[in-house]
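*Asks:* Residue 1312, in this note's numbering, is where the sequence shown stops; the numbers in between run on with no holes.
To start, I am sharing the structure in question, which I have written as structure tokens.
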Amino acid sequence: TARAACCGTRTATSASISTTNATSLILGHRDPQVTAALQAQAEKGTAFANPTEPEVELASLLTAALPSLQRLRFTNSGTEGVALALRAARAFTGKSKIAKTEGAYHGTSDHASISVTLRVSEAGMPSSQGLTAKTLDDMIIIPFNDAAAARRIIEQHGDDLAAVIVEPVMAGIGYVPAEAAFLEALREACDGQRTLLIFDEVQTLRMAPGGAQQWYDVVPDMSCLGKIIGGGMPVGAFGGRADVMAAFDATEGAPAIPHGGTFNGNPMTMQAGLATMRQLTPEVYERINERGETLRHQLRKWRAAPGCRFASAASRRSSACKLTDRPVTTYRSAQGQDEALRQKLFLHLLNEGIT
């Protein structure tokens, strides 16, 4: 039984986490075009104070692909992108509170560090020391994939709620996809409360050329990006509606929200990102999904075997397993897996050379 679960999970773990550096290497290690782009840029220079042509080109590519991106700014990590998107939402709406789904990971900024732990008893608690009571008070936690409850909470706190941030596929609990009705309910509830809807697409940009927002046909007010847009280099980005992003505009004086950074839009990262994103044609996305479906088909076969107990969850581009008998569709249903078996699985993977 343990062996069956190990075999079933081994492929999912290696495919979706380790070999792609936490999903950032969608083309795999040492892609020839990415390597060549980095080598060529290194000959020209690795860091410049002013924007460069590759930065403009990558921004143009992304704004053309994602429905929500009228304006875009680069950062060095998804964490920075999320933090600045939340700040922009508070500045635009004049409200202070932020809502997120329980158990969701949005980086390590203060407001993102609430309700990340997988222990249900601590679902609304800080997941880090060093956070202020005001930060905790400013966060509202909503259940994932519970449209009615989410709508009720958003309407209850609407007067103070600047933004709702959500991963369309919750990676931290095993790549559990949102139900379309859940995202549609968030969109409608936010519209009714003058609250911004933010999609954390750091991982879900893998789903389609236009990310999860294209796949679900739900357009947020702002989006946060990272991972694959840097081609394996440190990167993050955030953007959205032009009126929201106007807070960063410095063309007519001091911006409402200053934003700068020595390595924002670094040309090495931009070139690696361009070399990656230009290869991601619709046909390439389909080939990736076909490989994922092959994996998911094999997982379903293993799961049907006598004595094999694990639940699989999958989005269009990523798959994962939980060592539990229950279907995994929410944060809470992801709890209670067999931790002893999980540890055996972890050691088995290490012994097989999978890290």
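Quick reminder that beta carbons are idealized off the backbone N, C-alpha and C, glycines included.
Write down the C-beta distance between isoleucine 1110 and isoleucine 1097 rounded to the nearest angstrom, noting that I regard them as a contact closer than 8 Å.
*Replies:* Here the question's residue 1110 lines up with position 153 in the sequence shown. Here the question's residue 1097 lines up with position 140 in the sequence shown. Right, their Cβ atoms sit about 6 Å apart.
*Asks:* To the nearest angstrom, how far is it from the Cα of arginine 1044 to the Cα of glycine 1035?
*Replies:* By 1-based counting over the sequence shown, the position of residue 1044 is 87. By 1-based counting over the sequence shown, the position of residue 1035 is 78. Looking at the two C-alpha atoms, the distance is approximately 14 Å.
*Asks:* Would alanine 1128 and glycine 1188 be called neighbours here (beta carbons separated by less than 7 Å)?
*Replies:* As a first step, residue 1128 must be located in the sequence shown, where it is residue number 171. As a first step, residue 1188 must be located in the sequence shown, where it is residue number 231. Not closer than 7 Å, so no.
*Asks:* Sort Gly1217, Thr1286, Pro1224 and Leu1026 by Cα distance to proline 1011 and report the nearest one.
*Replies:* Residue 1011 sits at position 54 when you count from the first residue of the sequence shown. Comparing Cα-Cα distances from proline 1011 to each of Gly1217, Thr1286, Pro1224 and Leu1026, the minimum goes to Pro1224.
*Asks:* At a cut-off of 6 Å, is glycine 1064 close to the ligand HEM when judged by its beta-carbon and the heavy atoms of the ligand?
*Replies:* Questions concerning the ligand HEM fall outside what the structure shown contains, since it holds no ligand whatsoever.
*Asks:* Below 8 Å on the Cβ atoms is my guess for alanine 1119 versus threonine 1050; work out the distance and round it to an integer in Å.
*Replies:* Your numbering for residue 1119 matches position 162 in the sequence shown. Your numbering for residue 1050 matches position 93 in the sequence shown. Confirmed, about 5 Å.
*Asks:* What is the DSSP secondary structure of aspartate 1157, counted as helix, strand or coil?
*Replies:* Within the sequence shown, residue 1157 is the residue found at index 200, counting from 1. Strand, per DSSP.
*Asks:* Whose CA, out of Asp1117, Thr1208 and Arg1144, lies closest to the CA of proline 1177?
*Replies:* Start at 1 with the first residue of the sequence shown, and residue 1177 comes out as number 220. When only C-alpha atoms are compared, the closest one is Arg1144.
*Asks:* If you follow the alpha helix (DSSP H) that methionine 1179 is part of, which residue opens it and which one closes it?
*Replies:* For the purposes of this step, residue 1179 is identified with residue 222 of the sequence shown, where counting begins at 1. Careful: methionine 1179 lies outside any alpha helix (DSSP H), inside the beta strand (DSSP E) at 1179-1183.
*Asks:* Would you report the Cα separation of lysine 1258 and alanine 1004, rounded to the nearest angstrom?
*Replies:* Position 301 of the sequence shown, counted from the first residue, corresponds to residue 1258. Position 47 of the sequence shown, counted from the first residue, corresponds to residue 1004. Answer to the nearest angstrom: the Cα atoms are 50 Å apart.
*Asks:* Taking the alpha-carbon positions, what's the glycine 1315 to leucine 1256 distance?
*Replies:* Nothing can be reported for residue 1315: it is not among the residues displayed for the chain, which extend from 958 to 1312.
*Asks:* For isoleucine 983 and isoleucine 1185, what's the separation of their Cα atoms in angstroms?
*Replies:* The residue labelled residue 983 in the question sits at position 26 within the sequence shown. The residue labelled residue 1185 in the question sits at position 228 within the sequence shown. The alpha-carbon atoms of isoleucine 983 and isoleucine 1185 are separated by roughly 6 Å.
*Asks:* Which same chain residues end up closer than 6 Å to threonine 1287 when comparing Cβ atoms and leaving out the 5 residues on each side of it in sequence?
*Replies:* Counted from its first residue, the sequence shown places residue 1287 at position 330. These residues qualify, in order along the chain: Phe1101 and Asn1102.
*Asks:* Are the beta-carbon atoms belonging to phenylalanine 1195 and leucine 1018 less than 7 Å from one another?
*Replies:* Locating residue 1195 in the sequence shown gives position 238, counting from the first residue. Locating residue 1018 in the sequence shown gives position 61, counting from the first residue. It is not a contact, given that the beta carbons lie outside the stated cut-off.
*Asks:* Got a sec, what are the start and stop residues for the alpha helix (DSSP H) alanine 1137 sits in?
*Replies:* On the sequence shown, position 180 is the one that residue 1137 refers to. Unbroken alpha helix (DSSP H) run through alanine 1137: 1137-1150.
*Asks:* So the beta strand (DSSP E) threonine 1032 belongs to, where does it begin and stop?
*Replies:* Taking the sequence shown and counting its residues from 1, the one referred to as residue 1032 is at position 75. Note, threonine 1032: beta strand (DSSP E), 1028-1032.
*Asks:* What is the rounded straight-line gap between the Cα of glutamate 1141 and the Cα of alanine 1204?
*Replies:* Position 184 of the sequence shown, counting from 1, holds the residue named residue 1141. Position 247 of the sequence shown, counting from 1, holds the residue named residue 1204. Approximately 27 Å between the Cα atoms of the pair.
*Asks:* So, under 8 Å CB-CB, aspartate 935 and lysine 1052 are touching, yes? Tell me the CB distance rounded to an integer number of Å.
*Replies:* Residue 935 is absent from the structure shown; the chain starts at 958 and stops at 1312.
*Asks:* When DSSP labels each residue in this structure, what does proline 1008 get in the three-state scheme?
*Replies:* Counting from 1 along the sequence shown, the entry for residue 1008 is found at position 51. Looking at proline 1008 - three-state DSSP - the assignment turns out to be coil, as it is neither helix nor strand.
*Asks:* Are the CB atoms of arginine 1028 and methionine 1234 within a distance shorter than 7 Å?
*Replies:* Counting from one through the sequence shown, the residue named residue 1234 turns up at place 277. Counting from one through the sequence shown, the residue named residue 1028 turns up at place 71. No, these two residues do not count as a Cβ contact at 7 Å.
*Asks:* I believe glycine 1193 touches glycine 1183 by the beta-carbon criterion, under 8 Å. Please report the beta-carbon distance rounded to the nearest angstrom.
*Replies:* Residue numbering aside, residue 1193 sits at position 236 when the sequence shown is read from its first letter. Residue numbering aside, residue 1183 sits at position 226 when the sequence shown is read from its first letter. About 4 Å; that satisfies the 8 Å criterion.
*Asks:* From the DSSP output, in three-state form, read off isoleucine 1311 for me.
*Replies:* Walking along the sequence shown from the start, residue 1311 turns up at place 354. Three-state result, isoleucine 1311: coil.
*Asks:* Where are the alpha helix (DSSP H) runs, 4 residues long or more, that stay fully inside the stretch 1192-1224, in chain order?
*Replies:* Listed in chain order, they are 1199-1202.
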